[in-house]
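**Q** Below you will find the structure I want to go over with you.
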Amino acid sequence: MKAKNLRKLWKVTGVIAAAAIMIAVMAGCGSKQSTDKSLSQIKTDKASKSVTITATTQGKFTDKDTMHCVVFNDGKMARHAMFVTGCTPAKFHEALEKVGGTPWNTTDKELKDGEYTDGQNVKVTLTWKGQDEPVELSSILVTNGGKHPDTDIRFSGNKKNIDKAGSGCILCLNSCWAGITSNAAYAFNDIDSGKVNMKLDKDTAPKDAQKVKVTFTLE
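Counted from 1, the sequence shown has number 131 at position 132 by numbering that gives the first Met the number 0; the numbering is strictly sequential.
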C-alpha cells in the first residue's frame with residue numbers, strides 16, 4: 000500500500016476510533032446520571048432492630064413468577080428480581096448483625112431441593128410514594144389461587160455462599176442457600192420448579208420503576 004493511501008487509512012481509522020471513544024464516554028456519562036445514589040443507602044436502627052434499604056420495582060413480575068424478591072443491582076440474578084437495590088449483600092448482612100441479628104448458616108452448606116431454611120425471624124415491610132403506611136411483604140404478592148402467600152422470613156445468613164454465587168440475593172421468596180434472608184414458608188426450589196407460583200400483585204404492588212423503602216425488622 001502506498002504511503003499516501005496508508006496515511007488516509009490511518010486518518011479514517013483515527014476518526015472511527017475517536018467516535019467510538021466518544022460514544023463510550025457518553026454512554027458512561029448517561030449511566031452515571033441515571034444511577035440513583037439513594038439505592039445504595041442503608042439505614043440501621045438498633046432501637047427497633049431494623050434495617051432499611053431502597054430499591055426499584057421491576058413491574059414485569061406481575062406477569063412472571065420468580066423466587067427473587069430483592070437483589071443487588073449488579074448481582075447475577077438482578078434481572079430476575081422484583082426489586083433491585085444498590086445495597087450489596089455483604090453490607091446488608093453486616094447491617095443485620097449490627098442491629099442484633101444472628102445469621103443461621105455461617106458455613107458454605109447448600110440446601111437441597113425440598114429443604115428449608117431456619118434462623119432468626121425477620122418482618123419485612125415496604126413503603127413508597129403515596130403509600131406512607133408500611134405494608135407487609137405478603138400483601139403485595141400473589142401465589143396459587145390468587146391468594147397472598149405465606150411469609151416466614153428468616154435471617155438465613157449464607158454470607159460464604161453469596162460471595163461464591165455472586166447472585167446478589169438479599170431476599171428470596173422460598174428457602175435459599177444463597178439469600179441473606181429467605182422464606183421458610185416454602186422449601187428450596189418450590190418456586191423455580193413451578194410447585195408454588197409467586198408474582199407481584201397487580202392491584203397492591205408498587206408500579207414499575209417505583210422506588211420503595213424495604214424495612215427488615217428482627218423479631
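Ideal placement from N, C-alpha and C gives every residue a C-beta, glycine not left out.
1) Excluding sequence positions up to five away, which residues of its chain have a Cβ less than 6 Å from the Cβ of Ser37?
2) Would you tell me roughly how many angstroms separate the C-alpha atoms of Val134 and Phe82, rounded to the nearest one?
3) Mind reading off the beta-carbon distance from Asp64 to Asn196? Whole number of angstroms is fine, and I expect it under 8 Å.
4) Between Leu140 and Leu125, how many whole angstroms is the CB-CB distance? I'm expecting something under 8 Å.
5) Answer with buried or exposed for Lys201, where buried requires no fewer than 16 other C-beta atoms within 10 angstroms of its C-beta.
6) Taking the beta carbon of Asp189 as the centre, do at least 16 other beta carbons fall within 10 Å, making it buried, or is it exposed?
7) Rounded C-beta distance between Ile161 and Pro88? I'm assuming under 8 Å.
8) Taking the continuous alpha helix (DSSP H) assigned at Ile139, which residues delimit it?
9) State the DSSP-derived secondary structure class of Asp162, mapped to helix, strand or coil.
10) Among the candidates Thr84, Ser181, Phe60, Thr51, whose CA atom is the shortest distance from the CA of Asp151?
11) What did DSSP end up calling Gly156 once you bin it into helix, strand or coil?
12) Please report how far the alpha carbon of Thr214 lies from the alpha carbon of Asp44, in whole angstroms.
13) My assumption, with CB atoms under 8 Å, is that Arg153 sits in contact with Asp117. Please give the rounded CB distance.
14) Check this for me: beta carbons of Ala183 and Ser192, under 7 Å apart or not?
15) Keeping to the same chain, check which residues put their C-beta closer than 7 Å to that of Tyr115; ignore five residues upstream and five downstream.
16) Helix, strand or coil: how does DSSP classify Phe215 here?
**A** On the basis of the data shown:
1) Within the same chain, Ser37 has close Cβ partners Thr53.
2) Counting only the Cα atoms, Phe82 lies some 15 Å from Val134.
3) Rounded, the Cβ-Cβ distance is 5 Å, consistent with contact.
4) Cβ-Cβ separation between Leu140 and Leu125: approximately 11 Å, too far for a contact (criterion under 8 Å).
5) With fewer than 16 neighbouring CB atoms inside 10 Å of its own CB, Lys201 falls in the exposed class.
6) Classification for Asp189: buried.
7) Contact between Ile161 and Pro88 holds, with the beta-carbon distance rounding to 5 Å and staying under 8 Å.
8) Note, Ile139: premise wrong, no alpha helix (DSSP H); not H, not E.
9) Three-state result, Asp162: helix.
10) Nearest C-alpha to Asp151: Ser181.
11) Strand.
12) So the alpha carbons of these two residues sit roughly 10 Å apart.
13) Right, their Cβ atoms sit about 6 Å apart.
14) It is not a contact, given that the beta carbons lie outside the stated cut-off.
15) Taken in chain order, the residues that qualify are Ser174, Ala183, Ala186.
16) In this structure, DSSP gives Phe215 an extended state, which the three-state scheme calls strand.
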